[in-house]
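Asker:
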Amino acid sequence: RPPPPQPGAMHRVARLSAHVVGGARADERPAPAPTSSAPASPIVAALKGKIAALAKERSALKAELLKHGDTKIQEVTIDMCINGARSIKAMVTETSDLDASKGIAYRGRSLFECNKVLPKAPGGECALPEAAFWLLLTGEVPSDDQVRELTKELHARSAVPQNVLATLASLPKETHPMTQLSVCMLALQKDSKFTAGYQQGMKKNEYWEAALEDALDLVAKIPVVAAHIYRRTFKDGKVPAYDSKLDWAGNYAQMLGVNDSQAFKEVTRLYLMLHADHEGGNVSAHTSHLVGSALSDPYYAWAAGLCGLAGALHGFGHPG
Numbered sequence: 015r016p017p018p019p020q021p022g023a024m025h026r027v028a029r030l031s032a033h034v035v036g037g038a039r040a041d042e043r044p045a046p047a048p049t050s051s052a053p054a055s056p057i058v059a060a061l062k063g064k065i066a067a068l069a070k071e072r073s074a075l076k077a078e079l080l081k082h083g084d085t086k087i088q089e090v091t092i093d094m095c096i097n098g099a100r101s102i103k104a105m106v107t108e109t110s111d112l113d114a115s116k117g118i119a120y121r122g123r124s125l126f127e128c129n130k131v132l133p134k135a136p137g138g139e140c141a142l143p144e145a146a147f148w149l150l151l152t153g154e155v156p157s158d159d160q161v162r163e164l165t166k167e168l169h170a171r172s173a174v175p176q177n178v179l180a181t182l183a184s185l186p187k188e189t190h191p192m193t194q195l196s197v198c199m200l201a202l203q204k205d206s207k208f209t210a211g212y213q214q215g216m217k218k219n220e221y222w223e224a225a226l227e228d229a230l231d232l233v234a235k236i237p238v239v240a241a242h243i244y245r246r247t248f249k250d251g252k253v254p255a256y257d258s259k260l261d262w263a264g265n266y267a268q269m270l271g272v273n274d275s276q277a278f279k280e281v282t283r284l285y286l287m288l289h290a291d292h293e294g295g296n297v298s299a300h301t302s303h304l305v306g307s308a309l310s311d312p313y314y315a316w317a318a319g320l321c322g323l324a325g326a327l328h329g330f331g332h333p334g
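Residues in the sequence shown are numbered consecutively from 15, following the working numbering.
(1) Please report the distance separating the alpha-carbon of D41 from that of L309.
(2) Is there contact here, the region 288 to 300 with the region 190 to 204, by at least three beta-carbon pairs under 8 Å?
(3) Can you look up V233 in the DSSP assignment and give me helix, strand or coil?
(4) Please state whether DSSP places G117 in a helix, a strand or coil.
(5) Restricting to runs no shorter than 4 residues, where is the alpha helix (DSSP H) found entirely within the region 131 to 196?
(6) Compute the Euclidean distance between the alpha carbons of A240 and V90, then round it to the nearest angstrom.
(7) With 16 other CB atoms within 10 Å as the buried threshold, where does D261 fall?
(8) So which of E108, T107, T109 and S124 has the shortest CA-CA distance to S115?
(9) Would you kindly work out how many angstroms separate the C-alpha atoms of G211 and E223, rounded to a whole number?
(10) Leaving aside the five residues before and after T209 along the sequence, list all residues of the same chain whose C-beta is less than 6 Å from its C-beta, in chain order.
(11) Would you mind giving the Cβ-Cβ distance between K3 and L226, rounded to the nearest angstrom? I have them listed as a contact below 8 Å.
(12) Can you say whether H289 is buried or exposed, counting buried as having 16 or more other CB atoms within 10 angstroms of its CB?
(13) Evaluate contact between the region 253 to 270 and the region 96 to 114, counting only Cβ atoms and requiring at least three cross-stretch pairs below 8 Å.
(14) What first and last residue would you give for the alpha helix (DSSP H) that runs through N265?
(15) Where does R100 sit, in a helix, a strand or coil, going by DSSP?
(16) Can you list, in chain order, the residues of its chain with a C-beta nearer than 6 Å to that of R39? Leave out the 5 residues immediately preceding and following it.
(17) In angstroms with no decimal places, state the Cα-to-Cα distance between I243 and L195.
(18) Rounded to a whole number of angstroms, what is the C-alpha to C-alpha distance between C321 and M216?
(19) Below 9 Å between beta carbons: does that hold for K207 and D228?
(20) Going by CA-CA distance only, name the one from Y266, G251, N219 and G271 that's closest to A234.
(21) Using 9 Å as the threshold, is the C-beta distance between T107 and Y120 below it?
(22) For L320, which of helix, strand or coil comes out of DSSP?
(23) Can you look up E42 in the DSSP assignment and give me helix, strand or coil?
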């Protein structure tokens with residue numbers, strides 16, 4: 015006769031069922047997990063509202079497409095399977111599309127058009143990466159005010175815990191920059207709002223909000239960590255002061271300390287806007303999606319994607 019289930023196993027089953035069963039008594043349910051330590055700021059609330067509305071549209075579209083679920087897309091050969099799923103049409107990515115002749119488009123807009131219509135820094139000519147982020151998440155071109163408020167939100171979330179910087183300092187300076195970045199992303203993971211919410215019984219329809227909170231935190235903190243890595247690896251280790259008066263990419267350029275010119279800030283804005291998304295089929299994006307599909311939080315997924323990006327066939331992550 016098999017041994018009785020251990021208390022830990024039963025607890026895990028109960029915790030898993032809490033995510034999908036809404037009929038449990040109130041005293042049996044885990045306490046709801048806050049996805050933020052404070053009420054959402056107006057700009058985050060507005061962002062969530064737009065994403066929620068878009069999700070409803072996409073759910074309706076998915077239901078319509080599933081009516082044709084038996085429709086064949088293509089024939090798959092053995093050669094395609096054993097050669098890395100080459101040319102197999104098996105992914106759906108809404109945020110961007112990579113065309114062999116036209117290049118990348120964000121939500122149906124070419125990068126040229128994105129650079130033209132998205133908000134820019136005062137006096138600048140290059141679209142802000144924060145604006146591209148909003149477009150990718152919502153499908154809408156944000157206003158100047160929305161981007162300004164989103165930038166303020168990212169600044170407010172940018173503090174990197176001292177233990178993360180201490181972890182970075184413990185690594186040999188000769189460690190590959192992508193390794194340093196991956197380690198720091200994992201060191202940040204202890205503060206994941208998604209993981210905290212999941213452990214406390216967060217329902218499935220709330221996953222996306224907690225994941226968004228983690229994503230915003232990551233976007234805010236990555237430039238700070240990356241600047242520390244650049245300065246300790248290639249320069250004197252001294253990081254220029256954070257400047258919250260600048261936009262997200264402008265501040266990153268400032269912290270890199272390459273020079274203090276507006277031209278360098280502009281090229282940094284353009285570079286990061288152009289690299290804001292890359293469909294879903296390349297190694298790093300696909301890895302992030304795959305790891306995230308296991309309900310690993312965005313910190314784990316992002317770190318895994320970085321490891322893929324560091325590969326020789328993916329450009330080594332352009333560490334220099």
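Glycine residues also receive a C-beta, built at the ideal position from the N, C-alpha and C atoms.
Answerer: Taking the definition as stated:
(1) Looking up residue 41 in the sequence shown gives position 27. Looking up residue 309 in the sequence shown gives position 295. Confidence is the limiting factor: at D41 the pLDDT is only 42, short of 50, which leaves the residue's position unreliable and the question unanswerable from this model.
(2) no
(3) Your numbering for residue 233 matches position 219 in the sequence shown. Looking at V233 - three-state DSSP - the assignment turns out to be helix.
(4) As a working note, residue 117 is residue 103 in the sequence shown. It is a strand residue.
(5) 143 to 152, 158 to 170 and 176 to 183
(6) For the purposes of this step, residue 240 is taken as residue 226 along the sequence shown, with counting starting at 1. For the purposes of this step, residue 90 is taken as residue 76 along the sequence shown, with counting starting at 1. Approximately 42 Å, taken between the alpha carbons.
(7) As a first step, residue 261 must be located in the sequence shown, where it is residue number 247. Classification of D261: buried, given that the 10 Å Cβ count is 16 or more.
(8) Sequence index remark: in the sequence shown, residue 115 carries index 101 (1-based). Among E108, T107, T109 and S124, the Cα nearest to that of S115 belongs to S124.
(9) Indexing the sequence shown from 1 puts residue 211 at position 197. Indexing the sequence shown from 1 puts residue 223 at position 209. Their Cα atoms are separated by approximately 10 Å.
(10) Here the question's residue 209 lines up with position 195 in the sequence shown. Excluding residues within five positions, the ones whose Cβ falls inside 6 Å are D311.
(11) Not covered by the structure: residue 3. The range shown for the chain is 15 to 334.
(12) Locating residue 289 in the sequence shown gives position 275, counting from the first residue. By the neighbour-count rule (16 or more Cβ atoms within 10 Å), H289 is not buried but exposed.
(13) no
(14) Here residue 265 corresponds to residue number 251 of the sequence shown, with the count starting at 1. N265 -> alpha helix (DSSP H) spans W262 to L270.
(15) The residue given as residue 100 occupies position 86 in the sequence shown. It is coil, neither helix nor strand.
(16) Numbered from its first residue, the sequence shown carries residue 39 at position 25. Model confidence at R39 stands at a pLDDT of 42, short of 50, so the residue's coordinates are unreliable; what they give is reported in the following sentence. There are no such residues.
(17) Within the sequence shown, the letter at position 229 stands for residue 243. Within the sequence shown, the letter at position 181 stands for residue 195. Whole-angstrom Cα-Cα distance: 7 Å.
(18) Stepping through the sequence shown from its first residue, residue 321 is reached at position 307. Stepping through the sequence shown from its first residue, residue 216 is reached at position 202. C321 and M216: Cα-Cα distance of roughly 29 Å.
(19) Here the question's residue 207 lines up with position 193 in the sequence shown. Here the question's residue 228 lines up with position 214 in the sequence shown. Yes, these two residues count as a Cβ contact at 9 Å.
(20) Taking the first residue of the sequence shown as 1, we reach residue 234 at position 220. Ranking the options by Cα distance to A234, first place goes to Y266.
(21) As a position in the sequence shown, residue 107 is number 93, starting the count at 1. As a position in the sequence shown, residue 120 is number 106, starting the count at 1. No, Cβ-Cβ distance for T107 and Y120 is not below 9 Å.
(22) Within the sequence shown, residue 320 is the residue found at index 306, counting from 1. Residue state, collapsed to three classes: helix.
(23) Here the question's residue 42 lines up with position 28 in the sequence shown. Note that E42 scores a pLDDT of 40, beneath 50, so its modelled location is shaky and nothing firm can be said.
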